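Structure first, commentary second.
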Amino acid sequence: MKIISKISLLFLGMTAFFSCAESPSTDYVPVVPVDFSEVDTDTLSLRELICEDYLASYPEAMLYVDDELIVQDRRGSRFLFHKIGKDGLEEFVQLGNGPEDYLDTNLNPFIGENGEIGFYDPAKRKVSLLKNNGGIYKTHKRLMMNNIDGQVREAVGCGDFYLATGQQGDFLNYRFLIVDSIGNIVSKCGNYPYIEPSFFSNPTEDIKKMLYSASFLRVSPNKQKAVFASYNGALIQFFDLTFLPDSLKEVRSFQLARPIKHSQISATHAGWVYGFEDLYATDNYVYAIYNGQTANENPEFGHSILVFDWSGNLKETYFVDMGIRSLAVDESNNVLYLAGYDEGEMKLYVASMK
């Protein structure tokens, strides 16, 4: 009877943690394996992008702004961003505790309403917006997240508002907080994904790892759509932002692989099929680097780029014969920018899409 009581309490706790004011779905997030036979797959031909003054270490994210590539890469450098453009290399946002510096960041830099580069520093609970002034990005605005009860893990700009996610406090009942331009909560909305508990070794903790460990949240340039994807568990979710600031609409959610809880060699990665390495969103499509392997297979990043429309339909795929970590897309010129790991060295590459 004691064992039954403990199990009952676990699932009651799960229900409380992942419920919200909107009634949670009675359906689990479906597992939809990738079927590459259903779409066209092209192998990309890469050419190296040379920038003599920038030595790529571990690019975490990329932006393509005003015909220039901006790489977030904080390893091996005291700077967070590296702009590779026609005038050579420009580096900005320095590691440190000064007002213009950063202490920590996540994997989700974004482009603001007026072309600013934005990022969230969870150590300082601060969003910084950087404006291009004569080719050099300088801090334009700071937004503190001190008015939120809970641990803010992410804050991404979506026009006049910000999508904030996190743990504890206000996030116990709501997946997303909608925050205005001065840091006040405008609305609380969104259900947590409802995933079959038997997929996991420890449902409560494993779902937290899926949502908060190496996860990606991207907003389309027109600020009308958003996509979330996870590295652990290969979860991807598409959202409609046109109802902001009152609410947001979940368009489609699914996992590309079922967690395999007994096949891994490390408790740190117990049960996971590695999913997404990076995302890039345009107004038309979502470009996602997909891994699809387990820790036992010792994967070196992903080899596939999956292209989704904003309804969550897989439209086409690209294959790369090296492990790729991050990407950016110049859709107007059908160009992909990639950070790839080849023969023990990280480099930047350019490829043409069909």
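Residue numbering for the sequence shown follows the working numbering, starting at 74 and increasing by one per position.
A virtual CB, placed ideally from N, CA and C, is assigned to each residue, including glycine.
Fair warning: this is a prediction, and the values are worked out from it, not measured in the lab.
Compute the beta-carbon to beta-carbon distance between Pro195 and Asn179, rounded to the nearest angstrom, for a pair I have assumed lies under 8 Å.
7 Å
Kindly indicate the opening and closing residues of the alpha helix (DSSP H) around Leu284.
276-285
Leaving out five residues before and five after Ile143 in sequence, what residues of the same chain have Cβ atoms less than 6 Å from its Cβ?
Leu136, Phe154, Lys156
Residue from Lys334, Arg120, Thr315 whose Cα sits closest to the Cα of Ser271
Lys334
Of all the options Val225, Ser274, Gly396, which has the alpha carbon lying nearest to the alpha carbon of Ile251?
Val225
The beta strand (DSSP E) with Thr390 in it runs from where to where?
387-403
Member of Val292, Asp222, Tyr267 whose CA lies at the smallest distance from the CA of Pro230:
Rather than Pro, the amino acid found at residue 230 in this sequence is Gly. Checking every option, the nearest Cα to that of Gly230 belongs to Val292.
Inter-residue spacing [alpha-carbon to alpha-carbon] between Gln241 and Thr277:
13 Å
In chain order, what residues of the same chain lie with their CB nearer than 7 Å to the CB of Arg198, ignoring the 5 residues before and after it?
Met217, Met218, Asn219, Val225
DSSP bridge partner residues for Asp113 (one or two, in chain order):
Glu389
Helix, strand or coil at Asn181 [DSSP, three-state]:
coil
Can you name the start and end residues of the beta strand (DSSP E) that Lys322 belongs to?
322-328
Whole angstroms is fine: what's the gap from Pro106's alpha carbon to Ala330's?
6 Å
Taking 8 Å as the threshold, find out whether the region 280-297 comes into contact with the region 198-210 through three or more Cβ pairs.
no
For Ser429, which residues of its own chain have a beta-carbon under 6 Å away from its beta-carbon, when the five flanking residues on both sides are left out?
Missing from the structure shown is residue 429; the chain here goes from 74 to 427 and no further.
I'd like to know whether the C-beta atoms of Tyr422 and Glu173 end up nearer to each other than 7 Å.
no
In the DSSP assignment, what are the bridge partners of Lys51?
This structure does not reach residue 51, given that the chain is present from 74 up to 427, and the question cannot be answered.
CA-CA distance, Val200 and Ile190?
10 Å
The beta strand (DSSP E) with Arg226 in it runs from where to where?
224-231
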